[in-house]
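See below for the structure under consideration.
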Amino acid sequence: MSNKSKEKREVKTWRPLVNVFFTLLFCVLFPFVWWLFATNDFNNQKVTNLAICISVILIYCFLALGLNILFYYFKILNLRSFNINIPLLCIILWVILTSYISNFNIYGRMGASIGIVVSVTLLINFIIGKIEDRVQKKVDESNK
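Numbering (the numbering used here) for the sequence shown: 265 to 408.
Written out as structure tokens, the structure is:
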């Protein structure tokens, strides 16, 4: 076994853990806390300005997506991390943004969010698969 194959195996051992930590830290933790304190779903709304509530979560979702792209560019995250992070951000964004519609209860929002997350996941999985095929094709061509 060459040193190059050992290095690749070592990199792959910690990469899934980094993906999980990134997802929990940037795609779940802050949006969940924001959902608790900036919406009226739990009767605990501390932030009452609607413009601030909407703009903070939108900006945060775009920053988390940009950070995901940046970490992929620097090979900290792998490409498959987009398959979970983008649908998670979409579902959280949907639930928080629709919480400001007064006639739309939480059960209807959760039901609609399941449909949205399934369709977004299928679309993202298809796109990521095509990107991986192109990357693998370039690697195969460069090895010839």
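Note that CB positions come from ideal geometry on N, CA and C, so glycine has one too.
- Query: Is V282 near L341, with beta carbons less than 9 Å apart?
  - Reply: Taking 9 Å as the Cβ cut-off, V282 and L341 qualify as a contacting pair.
Quick check: what's the CA-CA separation for F368 versus E405?
Here the alpha carbon of F368 sits roughly 53 Å from the alpha carbon of E405.
Discussion item. Which residue marks the beginning of the alpha helix (DSSP H) containing S319, and which one marks its end?
Written reply: Start and end: L314 to Y337.
field: Three-state class that DSSP yields for N349 in the structure shown
entry: helix
DSSP three-state call for K401: helix, strand or coil?
helix
Q: Return yes when the Cβ of I350 is within less than 9 Å of the Cβ of V320, no when it is not.
A: no
(Q) Tell me the rounded alpha-carbon separation between V399 and L329. (A) Answer to the nearest angstrom: the Cα atoms are 21 Å apart.
So for Y371, helix, strand or coil by DSSP? helix
- prompt: If we ignore side chains and look at the alpha-carbon of each, how far apart do L314 and G375 end up?
  reply: 24 Å
Handout entry: Of the listed residues T287, P280 and T312, nearest to I348 (C-alpha basis)
Key = T287
Q. How big is the Cα-Cα spacing for V297 and L289?
A. 11 Å
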